[in-house]
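Chemist:
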Amino acid sequence: MYAAEARCLAAGGPDTVGFGLLAPFFAPDVVLHQAAGLPYGGAWRGHEGMARFFRAMSRTWESFRMAEQEILATGGPLGEPLVVLHRIQARSRATGREIAFPILQTVTVRDGRISEVRPFYWDTAAIAAACDQRRGHSGPSYPPPRHQPPNPRH
């Protein structure tokens, strides 16, 4: 699924390649909950909502690459969600700024298709600032090097 997402975004999003590349991965009633402080924040529902979300992502990011992905929990027989840690490298379309940041997300799968996604961001303000021409990016680039523990003051 993530490879198809990357291909869709790299090609210019659903307006360029359509949502058909991604639709098979999502349940018809899928819900994606994005943090309100992001340029694409809010709840995105159903296939049409997901297509609108990917359009918003394509407008926001010139590049959005999952540099690393680690599955921390695989879910369970009762529909417990997967837990996935991503390390993202992205470049804002509006500002040209590059930023690296982690996303921890829960992904619920029902009948072989994604039915709910809840991403959790380390620092939404830094991400929003990287995308906003009116604000500078004053925060650190995440994640910190693996050999160094995170600085709790950030």
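Position 16, counted from 1, in the sequence shown is what my numbering calls 116; the numbers after and before it change by one each time, with no gaps.
Cβ coordinates follow ideal geometry from the N, Cα and C atoms, glycine included.
(1) According to DSSP, is Ala-226 helix, strand or coil?
(2) For Phe-126, report the span of its beta strand (DSSP E) as first-last.
(3) Tell me the rounded alpha-carbon separation between Ser-241 and Ala-200.
(4) Locate the beta strand (DSSP E) running through Arg-218, then write down its first and last residues.
(5) When the Cα atoms are used, what is the spatial distance from Leu-178 to Arg-213?
(6) Apply the 10 Å Cβ neighbour rule to Ile-171 and answer buried if 16 or more other Cβ atoms are within range, or exposed otherwise.
(7) Is it the case that the Cβ atoms of Val-130 and Gly-146 are separated by a distance below 9 Å?
(8) Can you give me the C-alpha to C-alpha distance between Gly-196 and Glu-216, rounded to a whole angstrom?
(9) Which runs of the beta strand (DSSP E) at least 3 residues long sit entirely within the stretch 141-200? Give them in chain order.
(10) If I measure Cβ to Cβ from Ala-123 and keep anything under 7 Å in the same chain, skipping five residues before and after, which residues do I get?
(11) For Leu-204, which residues from the same chain have a beta carbon less than 6 Å from its beta carbon, with the 5 sequence-adjacent residues on both sides left out?
(12) Going by CA-CA distance only, name the one from Ala-228, Pro-202, Val-207, Arg-210 that's closest to Arg-165.
(13) Starting from Pro-202, follow its DSSP beta bridges and name the residues at the other end.
Modeler: Well, looking at it:
(1) Three-state DSSP puts Ala-226 in a helix.
(2) That run of the beta strand (DSSP E) goes 126-134.
(3) Since pLDDT at Ser-241 reaches only 44, below the 50 mark, its modelled position is unreliable, and the value read off the structure follows with that caveat. A straight-line Cα-Cα distance of about 5 Å links Ser-241 and Ala-200.
(4) Element bounds for Arg-218: 213-221.
(5) Near 15 Å, if we compare the C-alpha coordinates of Arg-213 and Leu-178.
(6) Taking all protein chains shown into account, Ile-171 has fewer than 16 neighbouring C-beta atoms within 10 Å of its C-beta and is therefore exposed.
(7) Yes, the Cβ-Cβ distance between Val-130 and Gly-146 is below 9 Å.
(8) When rounded, the distance between both Cα atoms is 31 Å.
(9) With a minimum length of 3 residues, the continuous beta strand (DSSP E) runs that stay inside the stretch 141-200 are 142-145, 161-173, 182-192.
(10) For Ala-123, where only same-chain residues beyond five positions count, the Cβ hits under 7 Å are His-147.
(11) Non-local beta-carbon contacts of Leu-204 in its own chain, meaning distances under 6 Å to residues more than five positions away in sequence, involve Leu-185, Phe-220 in chain order.
(12) Between Arg-165 and the set Ala-228, Pro-202, Val-207, Arg-210, the nearest pair of CA atoms involves Pro-202.
(13) According to DSSP, which records beta bridges pairwise, Pro-202 is partnered with Arg-187.
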